[in-house]
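Residue numbers (the numbering used here): 29 to 279.
One structure is given here, and the rest of the page talks about it.
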Ligand code: PGA
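Structure (structure tokens):
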């Protein structure tokens with residue numbers, strides 16, 4: 029299966045009804061490349077609003093978390109069926125802010141990924157190392173461990189509904205984008221790891237996107253790299269330049 033470029037926005041815990049109307053309205057009205065799949069991750073209370081704003085477009089909506097149970101006594105959690113019911117079709121899981129601020133382990137993230145996929149949500153699986161881990165020469169080992177936890181839990185065919193977002197923690201929200209070469213090295217490594225631990229077909233077809241201070245300025249050079257299939261964009265997804273980033277992505 030041929031890959032298609034993919035660009036996601038991650039609003040994180042930002043926005044109001046009025047700013048979301050403005051930002052997503054701008055995106056919905058923009059001329060977006062047909063070669064790029066576009067997904068926007070908004071906070072739970074705005075999923076239905078965001079979904080209604082993209083109704084007549086090819087833009088899809090993502091939640092930023094989901095629990096591992098269908099329903100029940102889990103105060104404060106949100107289920108995959110509620111997310112689907114709100115009109116979203118994707119969920120971002122394993123984001124470094126969830127792993128580091130909320131102490132989500134790779135096993136818990138993998139459990140969430142498996143449950144979301146079983147329940148027909150598509151998944152953006154975030155992986156990435158901290159600055160200390162990179163400096164200790166452990167970047168690849170950390171990413172391998174995060175991927176291995178998911179590989180253990182899902183069928184090879186499930187990877188058709190997963191986009192891997194490589195987001196080095198030291199580059200998120202810091203203005204420090206990885207150099208295209210540093211990013212490509214890890215992306216190529218991930219593809220090799222997927223070939224060795226899942227299969228060659230999945231390795232070729234799975235989308236691996238880069239995240240970490242991507243802007244309209246840094247996106248073009250990153251896009252040139254063979255194994256960078258698009259972006260997961262935080263801060264810049266709240267700005268009009270997100271449209272430019274979408275239209276820059278290519279395989
Ligand atoms: P950033 O965030 O683009 O603001 O660095 C990326 C992300 O956390 O997904």
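For each residue, glycine too, the CB sits at the ideal point set by N, CA and C.
Residue 263 has its CB nearer than 7 angstroms to a heavy atom of the ligand PGA. Residue 156 is positioned such that its CB atom lies no closer than 8 angstroms to that of residue 137.
Under the three-state reduction of DSSP output, residue 32 falls in the coil class, being neither helix nor strand.
Exclusion of the five residues before and after residue 227 leaves 184 as the residues of its chain whose Cβ lies within less than 6 angstroms of its Cβ. Bounds of any beta strand (DSSP E) do not take in residue 143; it lies within the alpha helix (DSSP H) bounded by 134–146. Around the beta carbon of residue 202, fewer than 16 other beta carbons lie within 10 angstroms, which makes this residue exposed. Listed in chain order, the beta strand (DSSP E) runs fully inside the stretch 186–259 are 190–194 and 235–239, counting runs of at least 3 residues. The continuous alpha helix (DSSP H) containing residue 269 extends over residues 269–276.
DSSP places residue 164 in the coil class of the three-state scheme, outside both helix and strand. Short of 8 angstroms from the beta carbon of residue 195, and not among the five residues preceding or following it, lie these beta carbons of its own chain, in chain order: 123, 124, 154, 155, 156, 238, 239, 240 and 260.
C-alpha of residue 65 to C-alpha of residue 32: approximately 7 angstroms in a straight line. With respect to residue 273, residue 35 sits close: the two C-beta atoms are nearer than 8 angstroms. Around the beta-carbon of residue 40, 16 or more other beta-carbon atoms lie within 10 Å, marking it buried. In the DSSP assignment, residue 153 is bridged to 121 and 192.
Look at residue 65 here: in three-state DSSP terms it is strand.
Every beta strand (DSSP E) of 3 residues or more that sits fully in the stretch 74–133 is shown, in chain order, as 87–91 and 118–121.
Relative to the ligand PGA, residue 195 has its C-beta within less than 7 angstroms of a heavy atom. Under the criterion of beta carbons closer than 8 angstroms, residue 68 and residue 265 qualify as touching, at roughly 7 angstroms. In the DSSP annotation of this structure, the continuous segment of the alpha helix (DSSP H) that includes residue 57 starts and ends at 45–57. Separation of the CB atoms of residue 149 and residue 76 is rounded to 15 angstroms, and the pair is thereby denied contact status at 8 angstroms.
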